[in-house]
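Protein chains in written order, with the working numbering: chain A, 3 to 336; chain B, 87 to 359.
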């Protein structure tokens, strides 16, 4: 694990998709008028004959992708997460999920990581995709995982939804980190708190654990890159070994990681106080940059520290979260 | 069994006769329940017969965009000896009244309307990648033109010059709430497709010879997808139906079913005589 501020990379996914496509001739790339934004300008330059402009027509694009997969191709479909899920939901359900076809839906700009306002925020995409039978849902945390995700999903037998941060991608893990789709990764042992984080919230979870650790609170941080199918064994084992359970997601608290963890614990009969950090059933307004929204809506290191402090019943004020200090080209969570 | 499966085989010596047999078979499929999507079979019988007569078994594809029309391809396939329809419409059967992923015969169908043309584009792209000259016959209903996705697909097909694609548009002027033209003005339908860059044939959808000729003409490489605007009625070919029969979901009590079987059997005997 590296320490913040994290250095960042550009286009780790775009490069990885080109590499995967070099190995596998059946990979096709579809883009919904967001080619550079979803890093597949690299694919288009390398394999123009296997690149398809879907245009601003997501419903048509998803149904076409399903038919291409029926014919033996592996379509990777690219747009922003919000347009990849909410808008063509019925098409994904009928043309991709129900026939259980190997279409890879790649949705960029998760949660409130966009200055584009509520219309551009994928804040319920995990919930929507999780509700579809056969769908695998992936939310990777950093550039090291992003570099691996194209190859990791290529042979999943059914459909996959991958949500990816856009732009500068922090490098949090060491280069030896391996992304596994069947395992949540326990990054630190801890007996007071099991803190489950996915995607962009991993950096804040690690920062919160560090701040709390220096005040005698022992936090087990668990990175959960695959929300469905959830690695329930690791979730239950980490939760059982802690006094309280906290989830952290750049998404609504309804239907995403927090819900998945809650359902798993409840069905196993494992009772622990649970706090879900995420969007509290709201659209997120007022953005001009992502860090403002992360702060405003409580997707922050400070919120995690306060939530854990109060869930443990610790007296007095929670310790201050470390100030985010990142130079241009670096990344620190708020 | 799907029409594009390698090894699929059938022959349609007389598409007019097949259309009649589709009607008779559809009546017998619907009769046990006393209601069903018979109107769709009646309006599309000639189009389905013409598709089966024109498609190359094991090569070309048939897409049935509106899942409610699956009764027609089922009836045709049963008449051609391709499937055994027993159990149709009963609990647990693979032959559901609205098409599903388990539906045999067609290469694609979907009960959520307006999506089949996009799937046909996916097939056309796949065939182009593979260097196949397979044709894709796609049945679309006029009610589906109210869905925006159909027009997304129409734009895409013309832009990409997908000329192996031919739409048979069943313009029966029928949807759940009543005549289509009382709910949405679709006309001029032919001019709309033409403006979208398609080659258009506007014809009597119950004239099998005209349908066959248009499907043959649409096969010529032109750089444009083709659409047959098939003017039809949900009551066509079954005179015993009451004038106020609901074309979307026809009620067929036993006495009416018996009359329908008598009428269609008689017509079939007359055609064969």
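All C-beta atoms in this analysis are idealised placements derived from N, C-alpha and C, irrespective of residue type, glycine included.
All of these numbers come straight from a predicted model, not from anything done at the bench.
Show which residues of chain B have a CB atom less than 8 Å away from the CB atom of residue i.
i                     : result
residue 101 (chain A) : 187
residue 29 (chain A)  : Per Cβ cutoff of 8 Å: no residues; residue 29 (chain A) is ~12 Å from chain B at best.
residue 133 (chain A) : Those do not exist, as residue 133 (chain A) stays about 16 Å from chain B at its closest Cβ, beyond 8 Å.
By the criterion of Cβ-Cβ separation under 7 Å, what are the contact partners of residue i in chain B?
i                     : result
residue 68 (chain A)  : 205, 208
residue 136 (chain A) : Per Cβ cutoff of 7 Å: no residues; residue 136 (chain A) is ~11 Å from chain B at best.
residue 75 (chain A)  : 212
For the beta strand (DSSP E) containing residue i, list its first residue and its last residue.
i                     : result
residue 33 (chain A)  : 29-33
residue 1 (chain A)   : The displayed coordinates of chain A run from 3 to 336. Any statement about residue 1 (chain A) would go beyond what the structure contains.
residue 351 (chain B) : Taken as a continuous stretch (DSSP letters only), residue 351 (chain B) belongs to no beta strand (DSSP E), being part of the alpha helix (DSSP H) at 340-358.
At a Cβ threshold of 8 Å, is residue i touching chain A?
i                     : result
residue 155 (chain B) : no
residue 238 (chain B) : yes
residue 282 (chain B) : no
residue 150 (chain B) : no
residue 141 (chain B) : no
residue 242 (chain B) : yes
residue 220 (chain B) : no
residue 179 (chain B) : no
residue 261 (chain B) : no
residue 255 (chain B) : no
residue 212 (chain B) : yes
residue 201 (chain B) : yes
Using a Cβ cut-off of 7 Å, pull out every chain A residue sitting near residue i, in sequence order please.
i                     : result
residue 182 (chain B) : Under the 7 Å cutoff, chain A gives no residues; its nearest Cβ is about 13 Å from residue 182 (chain B).
residue 277 (chain B) : Neighbours of residue 277 (chain B) on chain A: none; closest Cβ ~22 Å, over 7 Å.
residue 198 (chain B) : 92, 96
Could you check the C-alpha separation between residue i and residue j for me, to the nearest Å?
i                     : j                     : result
residue 169 (chain A) : residue 285 (chain B) : 44 Å
residue 34 (chain A)  : residue 58 (chain A)  : 5 Å
residue 62 (chain A)  : residue 321 (chain A) : 51 Å
residue 200 (chain B) : residue 234 (chain B) : 8 Å
residue 200 (chain A) : residue 209 (chain B) : 37 Å
residue 132 (chain A) : residue 104 (chain B) : 46 Å
residue 98 (chain A)  : residue 176 (chain B) : 27 Å
residue 261 (chain B) : residue 334 (chain B) : 6 Å
residue 101 (chain B) : residue 134 (chain B) : 9 Å
residue 75 (chain A)  : residue 84 (chain A)  : 25 Å
residue 195 (chain A) : residue 277 (chain A) : 11 Å
residue 320 (chain B) : residue 308 (chain B) : 33 Å
Which residue comes first and which comes last in the alpha helix (DSSP H) that contains residue i?
i                     : result
residue 310 (chain A) : 303-313
residue 134 (chain B) : 124-140
residue 266 (chain A) : 259-270
residue 2 (chain A)   : Nothing in the structure corresponds to residue 2 (chain A), since chain A is present only between 3 and 336.
residue 209 (chain B) : 202-216
residue 21 (chain A)  : 14-25
Just the chain A side, please: which residues come within less than 9 Å of residue i by C-beta, in chain order?
i                     : result
residue 227 (chain B) : Per Cβ cutoff of 9 Å: no residues; residue 227 (chain B) is ~16 Å from chain A at best.
residue 92 (chain B)  : In chain order: nothing, as chain A lies at least about 14 Å away.
residue 299 (chain B) : Those do not exist, as residue 299 (chain B) stays about 29 Å from chain A at its closest Cβ, beyond 9 Å.
Answer with yes or no whether the minimum CB distance from residue i to chain B is below 8 Å.
i                     : result
residue 152 (chain A) : no
residue 54 (chain A)  : yes
residue 65 (chain A)  : yes
residue 78 (chain A)  : no
residue 62 (chain A)  : yes
residue 59 (chain A)  : yes
residue 1 (chain A)   : There is simply no residue 1 (chain A) to check, as chain A begins at 3 and stops at 336 in what is shown.
Under 8 Å between beta-carbons, which chain A residues line up against residue i? List them in chain order, please.
i                     : result
residue 176 (chain B) : Those do not exist, as residue 176 (chain B) stays about 22 Å from chain A at its closest Cβ, beyond 8 Å.
residue 194 (chain B) : 69, 72
**Asked** Does the count of Cβ pairs from the stretch 149-167 of chain B and the stretch 219-228 of chain B closer than 8 Å reach three?
**Response** Taking 8 Å as the limit for Cβ pairs, the verdict is that the stretch 219-228 of chain B does touch the stretch 149-167 of chain B.
**Request:** Using a Cβ-Cβ cut-off of less than 7 Å, list which residues of the stretch 85-101 of chain A approach chain C; keep chain order.
**Result:** No chain C appears in this structure, whose protein chains are A and B.
**Request:** Kindly confirm or deny that the stretch 273-293 of chain B and the stretch 205-224 of chain B touch, where touching means at least three C-beta pairs closer than 8 Å.
**Result:** As far as the Cβ criterion goes, the stretch 273-293 of chain B does not touch the stretch 205-224 of chain B, which means the pair count is below three.
**Request:** Evaluate contact between the stretch 203-216 of chain A and the stretch 154-167 of chain A, counting only Cβ atoms and requiring at least three cross-stretch pairs below 8 Å.
**Result:** The stretch 203-216 of chain A makes no contact with the stretch 154-167 of chain A, as fewer than three CB pairs between them are under 8 Å.
**Prompt:** Between the stretch 81-101 of chain A and the stretch 262-275 of chain B, are three or more C-beta pairs nearer than 8 Å?
**Reply:** Touching, no.
**Request:** Kindly confirm or deny that the stretch 298-305 of chain A and the stretch 107-125 of chain B touch, where touching means at least three C-beta pairs closer than 8 Å.
**Result:** The stretch 298-305 of chain A vs the stretch 107-125 of chain B: no contact.
**Asked** Between the stretch 260-268 of chain A and the stretch 150-161 of chain A, are three or more C-beta pairs nearer than 8 Å?
**Response** No, they do not touch.
**Message:** Measuring CB atoms only, is the stretch 88-95 of chain B touching the stretch 238-252 of chain A, in the sense that at least three cross pairs come out at less than 8 Å?
**Reply:** Touching, no, given that fewer than three Cβ pairs across the two stretches are closer than 8 Å.
**Request:** Take every Cβ of the stretch 212-220 of chain B, pair it with every Cβ of the stretch 177-196 of chain B, and state whether three or more of those distances are shorter than 8 Å.
**Result:** No, because fewer than three Cβ pairs between the stretch 212-220 of chain B and the stretch 177-196 of chain B fall closer than 8 Å, the two stretches do not touch.
**Asked** Would the stretch 285-294 of chain A and the stretch 127-147 of chain A be scored as touching if the rule is three or more Cβ pairs under 8 Å?
**Response** Three or more beta-carbon pairs separated by less than 8 Å are not found between the stretch 285-294 of chain A and the stretch 127-147 of chain A, which leaves the two stretches without contact.
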